[in-house]
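Numbering (this note's numbering), first residue to last: 834 to 1173. Ideal Cβ positions, reconstructed from N, Cα and C, are used throughout, including at glycine. A short write-up of the structure that comes next.
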Amino acid sequence: MNTQELIDTAKTLIAEDKGLLAMDESNPTCNKRFARLGIPQTEEARRAYRELIVTTPGLGECISGVILYDETIRQQKKDGTLFIKVITDAGIIPGIKVDTGAKDMAGHPGEKITEGLDGLRDRLKEYFQMGARVAKWRAVLASGDGIPSRGCIEANAHALARYAALCQEAGLVPVVEPEVLMEGEHTLERCNEVTEKVLRTVFTQLYTQRVMLEGMILKPNMVLPGLTCPKQEAVDEVADATVRCLLRVVPAAVPGIAFLSGGQSGELASARLNAMNVRFKSRLPWALAFSFARAIQQPALEIWQGEEAHVLPAQQALYHRAKCNRSARRGEYTAAMERT
Ligand code: 13P
């Protein structure tokens, strides 16, 4: 393991107010999003969409790293250039999603355990040779009556820590993603309680599995009220609750926290990230950044609709969201940016 390289890669991912772009939807998830818009659910459509993303002019000004799916990392532009070369040439660090999905957890109705540890060492070796320097693993935790259970939290945290240790051994920076889902009626206080418990367990496991905190990125949810909770707190209250929770549980050795968007609108995700940086940036031990999928991609996908003629305006929409999020890291995002 080259410790210094891992530390340098992690630092580069959060440098210059940039963030990550998650474009690692599995084929079923990508197809589901295409189906909603009437886009054909084919390998060629997925390739064309990812070509649109990675060739977006100026993307590297705002995006430090992209996370790809196994199908995408092997794909090429229409002219035959490998996506991974396009990404690297744009000054962006290529990353890869390495879990194999969240499956129903035995004995735990309504809960999921993320799989993918078997054979992971060999897969990581291959991805490293292909040029990837970052790898992501997502655990999902639902909030509800009696859940998440201790069994589910501990099993997912253990898997995250084992994956992270394998990544560092292979020279890839782990992006450790324990996602407490937004779906449900739960309150912000309940999300806070669950997120704190989950992150505490994750960091205990990372320590037990000897993961080097300086060479990783944490990708958590923001502390939010459930989607169908009648009380929806204001942007500043979400920012305060999220930072307070993270300060209690994330060691200062972690260089950066890159939030997932989790189904928030692009505007709200930017506004909340902005508020955290406005109110706390100068007093925090780690950078607060982004690693959004939907909150960067959704407007672009809706404009594209699978049409070659819509590629340019779709790329402009993608660039716009990436730029809004870079501004949010600086605490300079305003609603007026959405009208330009
Ligand atoms: P969202 O930002 O759409 O939640 O996606 C983040 C992600 O990478 C999920 O694994």
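Item	Value
Neighbourhood of ligand 1 [Cβ distance below 5 Å to any heavy atom], ordered by chain position	Ala-855, Arg-971, Leu-1093, Ser-1094, Gly-1095, Phe-1125, Ala-1126, Arg-1127
Leu-1057 beta carbon less than 8 Å from that of Ile-886	no
Coil, strand or helix - Ile-926 by DSSP	strand
At least 3 beta-carbon pairs within less than 8 Å: the segment 946-960 vs the segment 836-845	no
When Lys-1064, Ala-848, Ala-1091 are compared against Glu-1125, the one with the closest alpha-carbon	The sequence as given places Phe at residue 1125; Glu does not occur at that position. The option with the nearest alpha carbon to Phe-1125 is Ala-1091.
Selection from Glu-877, Leu-974, Ala-1104, Ala-965 that minimises the alpha carbon distance to Gly-1164	Ala-1104
Bounding residues of the beta strand (DSSP E) (the contiguous stretch that carries Lys-1052)	Here Lys-1052 belongs to no beta strand (DSSP E), and DSSP marks it neither H nor E.
Where Pro-1132 sits in the DSSP three-state scheme	helix
Cβ-based burial, Pro-1011 [other Cβ within 10 Å; buried from 16]	buried
Distance between Ala-1003 and Lys-958 (C-alpha atoms, nearest Å)	6 Å
Residue range of the beta strand (DSSP E) that includes Pro-1007	1006-1013
Nearest candidate by alpha-carbon position, reference Ala-1086, set Cys-1078, Lys-1064, Tyr-1040, Arg-869	Tyr-1040
Three-state secondary structure (DSSP) of Arg-1112	helix
Nearest-angstrom Cβ-Cβ length linking Cys-985 and His-1019, presumed shorter than 8 Å	With a Cβ gap of about 16 Å, Cys-985 and His-1019 do not count as contacting.
Spatially closest choice to Glu-904 from Tyr-960, Arg-866, Val-1013, by CA coordinates	Tyr-960
Short Cβ contact (8 Å threshold) for Pro-1053 with Thr-1028	yes
Beta-carbon gap between Gln-874 and Ala-868 smaller than 8 Å	yes
Thr-836 CB to nearest heavy atom of ligand 2 below 7 Å	As for ligand 2, it is missing from this structure, which binds only ligand 1.
Proximity below 8 Å, CB of Leu-795 to CB of Ser-982	This structure cannot settle anything about residue 795, because the visible part of the chain is limited to 834 through 1173.
Same chain only: Cβ atoms within 8 Å of Phe-1113, ignoring 5 sequence neighbours per side	Ala-1072, Val-1076, Leu-1121
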